[in-house]
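Comments concern the structure below.
2 protein chains.
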Amino acid sequence: MFENAGRTEINSLGEFGLIDHLTQHFTNTQINTLTGIGDDAAVIDTGTEEAMLVSTDMLLEGIHFDLAYMPLKHLGYKAIVINLSDIYAMNGTPQQVTVSIGFSNRFSLEALEELYSGIRLACEIYHVDLVGGDTSSAQAGLTISITAIGKAKKSDITYRKGAEAGDLIAVSGDLGAAFVGLQYLIREKKIYMENPGVQPELEGKDYVLERQLKPEARKDIIEFFNSSNIIPTSMIDISDGLSSELHHLAKQSGCGMLIHEDKLPIDPMMYNPCIDIGLEATMCATNGGEDYELLFTIKQVDYEKLKLNSDIHIIGYCTDQYGSVKMISKNNNEYPLEAQGWKAV
Amino acid sequence: MFENAGRTEINSLGEFGLIDHLTQHFTNTQINTLTGIGDDAAVIDTGTEEAMLVSTDMLLEGIHFDLAYMPLKHLGYKAIVINLSDIYAMNGTPQQVTVSIGFSNRFSLEALEELYSGIRLACEIYHVDLVGGDTSSAQAGLTISITAIGKAKKSDITYRKGAEAGDLIAVSGDLGAAFVGLQYLIREKKIYMENPGVQPELEGKDYVLERQLKPEARKDIIEFFNSSNIIPTSMIDISDGLSSELHHLAKQSGCGMLIHEDKLPIDPMMYNPCIDIGLEATMCATNGGEDYELLFTIKQVDYEKLKLNSDIHIIGYCTDQYGSVKMISKNNNEYPLEAQGWKAV
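Here the protein sequences line up with chains A and B, keeping their order. Our numbering applies: residue 22 is where the first sequence begins, and numbers increase by one. Our numbering applies: residue 22 is where the second sequence begins, and numbers increase by one.
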């Protein structure tokens, strides 16, 4: 029935277009649904000054991960971390997770134990409780679906939509390394498939590999905001790449974004791997995904509060040009940043 | 790495054994986690008299559904309903859901629209808001993961563990029809595969087919409890079959369960299909899954409050024989009910 005439291919819409399309006729009727689809997490009123935050993600083998180079323990850890990152991106604190898995008979009990040891490690480090879930056999592959639940004072919650012209744009940590790590792993897998006798050349690549295989969520940045009395005007976590996330903030805030190439935080340990693999560091920093750093905007008056935090970098400012996302290059040219890839104009 | 020596097959543990095994070393550290794994939903304190309930389920193609006979709209509807059923089973009210799907390129946009039209219909009928989710391509098949969020007064929440000897055992609606409907669909698919020219013989089977393809969650029963001032002592929804659920209540409550075959609610529209397909009605009622009726226990003093509700049936009572789950047959013999299948002793 679903392979009949009148067939429209899904990739004609894009991922975000698809969600918007499928959910366009849904309306919210519960008065405690403060925010539904369209931010990093849903916000549910509890009748107190604290709201509940809920975020969910599904990871599919062969799409989101490749077990040829992703150890199961790391996969379990990463699956939790990327969900917690969505709660931090609302300026909230995650407290619980549910984990559902579907697995083919290719997986032994020992394999699932490995996966859950990574899940447990992440739960311990981030102080979240595993409160539910489901395990099921599957016809093929491994699927992991996680829901993270957190809380935040309503007055602290940071949405994607609050940025205004003049606000400063900041990112935590450094950008692009997780993408470089992934390209390495893909290359080494290809070499191995073609010639299993060759040993992988991963020395000196520890940093980029760790960024890809064992990312961390920026709990520390949220704690810093809290102790420094900073509430960002907008925030999102960087899962799909800086450019893509800037577009989300610009679109939902109704403003523009202008960043400077020479302000992009790029770790020195990323340069050699970049050269080795033939990638351009700026391109990795703007379009590489999976860094799980926080991208946020602050009022200029708050600059003094965070300028001494060496792990936060001001990369630009918000403009009044609705939806315009641009970068000023090192040689002072202005480029539009596209959600996928960037090119000179 | 996961196909090496030291391999233990997972089905040696069983589904519940697997969850227990994988999560045995997890400990809860958040003080607002009132109940974690092990009931129909997790219970999270919000600091008010109402707690939040969270339940999650993953449905995988070829395991939980077969698109050869399950229309996508029905599948979307059922996926929501079975998750809401878990919230009702805590004596709570569902308010929000998140929906994540993974789909191969076999699915067109029109197919996903069908799926979401069923999801939307269920959301409208049960007054729940779709507040989040994820869509992703997959290498194969269709996967649906749903998290339901609800609320309940803490003093109303009904766990699996509260039954005591002397309590009455009750079920809503009728049992076994969803299983009979499934057997029909499997039979007709087999006939069709062997001879595509044969038309399916589904006349007179409307009731059992609807129970399988479009189940409902018992919102009305929870509303009846509320208006009648009844709080069951324990409760669970019947997804895996009456026998299996009785074992859960008995084990977690630390008591026994004794039911009477002649009290089992079996719809008259189930008998002919049962005979036609060669199934025994009592076996279907005790071991057939997916009815999504509520199984619960009440104090004897509450009997007067529900005896006039024709959709609630007292089927037995709790005993002090820990873990013992038995049925007295129509000819007055006592049989142990096993979680899977039952046999005379």
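From the three backbone atoms N, C-alpha and C, an ideal C-beta is built for every residue, glycine too.
> Any idea what DSSP makes of residue 147 of chain B, helix, strand or coil?
Replying inline: Here DSSP, grouped into helix, strand and coil, assigns residue 147 of chain B to helix.
> Do you know how far the Cα of residue 125 of chain A is from the Cα of residue 25 of chain B?
Replying inline: Low confidence applies here, because residue 25 of chain B scores a pLDDT of 49, under 50, leaving its location unreliable; read the following figure in that light. Cα to Cα, the separation comes out at about 16 angstroms.
>> For a test of the three-state rule: what should DSSP assign to residue 34 of chain A, helix, strand or coil?
In response: coil
>> When you compare the CB of residue 5 of chain B with every CB in chain A, is at least one pair closer than 8 angstroms?
In response: It is not possible to answer for residue 5 of chain B, since the shown part of chain B is limited to 22 through 366.
> When the Cβ atoms of the stretch 223–230 of chain A are set against those of the stretch 284–303 of chain A, are three or more pairs found closer than 8 angstroms?
Replying inline: yes
> For residue 181 of chain B and chain A, any beta-carbon pair shorter than 8 angstroms?
Replying inline: no
> Counting contacts by CB-CB distance shorter than 8 angstroms, is residue 21 of chain B in contact with chain A?
Replying inline: Limits of chain B in this structure are 22 at one end and 366 at the other, which puts residue 21 of chain B out of reach.
> Taking 8 angstroms as the CB-CB cut-off, is residue 148 of chain B touching chain A?
Replying inline: yes
> What residue does the alpha helix (DSSP H) around residue 360 of chain B start on, and which one ends it?
Replying inline: Premise fails: residue 360 of chain B is in no alpha helix (DSSP H) and is neither H nor E.
> For the stretch 71–84 of chain B, which residues have a CB atom closer than 8 angstroms to at least one CB atom of chain A, in sequence order?
Replying inline: 71, 73, 75, 76, 77, 78, 79, 81, 82, 83 and 84
> Does DSSP put residue 58 of chain A in a helix, a strand or coil?
Replying inline: strand
>> In whole angstroms, give me the CA-to-CA distance for residue 365 of chain A and residue 232 of chain A.
In response: Annotation note: pLDDT 33 at residue 365 of chain A (below 50); position unreliable, coordinate value reported separately. Approximately 29 angstroms, taken between the alpha carbons.
> Can you tell which of B:30, B:150 and B:275 has the C-alpha that lies nearest to the C-alpha of residue 58 of chain A?
Replying inline: B:150
> Taking the C-alpha atoms as reference points, what is the distance between residue 341 of chain A and residue 86 of chain A?
Replying inline: When rounded, the distance between both Cα atoms is 39 angstroms.
>> residue 101 of chain B and residue 4 of chain B - do their beta-carbons sit closer together than 8 angstroms?
In response: Absent from the model: residue 4 of chain B. The displayed extent of chain B is 22 to 366, so no value can be given.
>> Could you tell me the alpha carbon to alpha carbon distance between residue 160 of chain A and residue 135 of chain A, rounded to whole angstroms?
In response: 21 angstroms
>> Is residue 200 of chain B close to chain A? Criterion is C-beta to C-beta, closer than 8 angstroms.
In response: no
>> Per DSSP, what are the beta-bridge partners of residue 79 of chain A in this structure?
In response: A:166
> Hey, which unbroken runs of the beta strand (DSSP E) at 3 residues or more fall wholly within the stretch 296–343 of chain A?
Replying inline: 315–319 and 333–340
>> I need the boundaries of the beta strand (DSSP E) containing residue 124 of chain B, first residue and last residue.
In response: 114–124
>> Judging by CA-CA distance, which residue of A:99, A:235, A:249 and A:43 is the nearest neighbour of residue 153 of chain B?
In response: A:43
> Is residue 214 of chain A buried or exposed, if buried means 16 or more other CB atoms sit within 10 Å of its CB?
Replying inline: By the 10 Å Cβ count, residue 214 of chain A comes out exposed.
> Is residue 143 of chain B close to chain A, meaning its C-beta is less than 8 angstroms from at least one C-beta of that chain?
Replying inline: no
> Measuring CB to CB, does residue 96 of chain A end up less than 8 angstroms from residue 128 of chain A?
Replying inline: no
> What residues of chain B sit near residue 160 of chain A, judged by a beta carbon separation below 9 angstroms?
Replying inline: Neighbours of residue 160 of chain A on chain B, chain order: 81, 82, 83, 84, 161 and 162.
> Which runs of the beta strand (DSSP E), 3 residues or longer, sit entirely within the stretch 228–299 of chain A?
Replying inline: 255–258 and 277–281
> If we count the other Cβ atoms within 10 Å of its Cβ and call it buried at 16 or more, is residue 29 of chain A buried or exposed?
Replying inline: exposed
>> With a threshold of 7 angstroms on Cβ separation, who are the neighbours of residue 276 of chain B within its own chain once the five nearest residues in sequence on each side are excluded?
In response: Result list for residue 276 of chain B: 184, 185, 186, 339, 340, 341 and 343, in chain order.
> Rounded C-beta distance between residue 6 of chain B and residue 182 of chain B? I'm assuming under 8 angstroms.
Replying inline: The question about residue 6 of chain B has no answer, for chain B in this structure spans 22 to 366.
> Counting pairs of beta carbons, one from the stretch 165–178 of chain A and one from the stretch 61–81 of chain A, are three or more of them closer than 8 angstroms?
Replying inline: yes
> Under a Cβ-count criterion, where at least 16 other Cβ atoms within 10 Å of its own Cβ denotes burial, should residue 52 of chain A be classed as buried or exposed?
Replying inline: Exposed: under 16 other Cβ atoms inside 10 Å.
> In the DSSP assignment, what residue or residues form a beta bridge with residue 156 of chain A?
Replying inline: A:122
> With distances taken from CA atoms, which of B:299, B:257 and B:262 is nearest residue 3 of chain B?
Replying inline: There is simply no residue 3 of chain B to check, as chain B begins at 22 and stops at 366 in what is shown.
>> Is there a C-beta anywhere in chain A that falls below 8 angstroms from the one on residue 28 of chain B?
In response: yes
> For residue 312 of chain B, which option in B:238, B:298 and B:121 has the closest C-alpha, if you only look at C-alpha atoms?
Replying inline: B:238
> So, is the C-beta of residue 365 of chain B closer than 8 angstroms to a C-beta in chain A?
Replying inline: In this prediction, residue 365 of chain B has a pLDDT of 33, which is less than 50 and means its spatial position is unreliable; what the coordinates show is noted afterwards. So no, residue 365 of chain B is outside the interface.
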